[in-house]
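Asks: Quick one: structure below, then a few questions.
Numbering (the working numbering), first residue to last: 119 to 355.
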């Protein structure tokens, strides 16, 4: 005599199917609620290099004593020429309430912050070796404040260097010290680096003094000047 078939296998399969559909629906809902990640993108493989050097903006760093070279400039002196003290004006348009008036705020830019920190450290070193300082905007602060500021700058620059992750190959050499011990050294001077274009940042900051950059909603963590300028140019025609 044939035994009756148990209903449990069919019920179990139906429960799994329903659970899967609910999970998929839940994920689709979350995708519309949670804002997308705007963290810096990562590249798992090196980008393809064109045969034209100008396509990836070559820049060579020269020895500081080589003042006669046509490309030699005092990079730190640029921190004294930054438009609007390095702040960019941005007008945020709220998405939730169209009746709300747009708010214009100022934001710093990492590159200018880093130049400012280098100038602060240079000024601090000079002031310990000479009477007075180089006229840095923070030179009139107390010594304790300046020491705290320099400490902040050192920590900030460490984070910036690691974040940039410059993976340029620098040829090393071995040198014998006075005690006969051989050590491996890397000078790094004259090495060609593949640098990012920065002119648009200077232009964007200067133009924002008269006409703030327009963005939809609020500026999100991790966004860049390039992100905002591209959005503005594509929407304001």
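Built from N, CA and C at the ideal position, the CB exists for glycine as well.
Just so we're clear, the structure is a prediction, and the values are computed from it rather than from any experiment.
How far does the beta strand (DSSP E) with residue 211 in it reach, from first residue to last?
Replies: It spans 205–211 - the beta strand (DSSP E) in which residue 211 sits, taken as one unbroken run.
Asks: One question on the structure: do residue 292 and residue 309 come within less than 8 Å of each other, judged by their Cβ atoms?
Replies: It is not a contact, given that the beta carbons lie outside the stated cut-off.
Asks: Work out the CA separation of residue 294 and residue 265 for me, nearest whole Å.
Replies: Roughly 37 Å separates the two Cα atoms.
Asks: Using the rule of at least 16 other Cβ atoms within 10 Å of the residue's Cβ for burial, across every protein chain shown, is residue 224 buried or exposed?
Replies: With fewer than 16 other Cβ atoms within 10 Å, it is exposed.
Asks: Output yes or no for whether 8 Å exceeds the beta carbon distance between residue 349 and residue 201.
Replies: Contact flag unset, no.
Asks: Assuming contact is defined by CB atoms lying nearer than 8 Å, are residue 333 and residue 208 in contact in what I supplied?
Replies: Yes, the Cβ-Cβ distance between residue 333 and residue 208 is below 8 Å.
Asks: DSSP beta-bridge partners for residue 333?
Replies: Partner(s): 210.
Asks: Nearest-angstrom Cα distance between residue 311 and residue 219?
Replies: If I take the Cα positions, the gap works out to 45 Å.
Asks: Comparing C-alpha positions only, which one of 336, 352, 323 and 329 sits nearest to residue 343?
Replies: When each option's Cα is compared against that of residue 343, the closest is 323.
Asks: For residue 303, which residues in the same chain have their Cβ closer than 6 Å to its Cβ, ignoring the five residues on either side in sequence?
Replies: 291 and 293, listed in sequence order.
Asks: Looking at residue 335: is its Cβ nearer than 8 Å to the Cβ of residue 210?
Replies: Closer than 8 Å, so yes.
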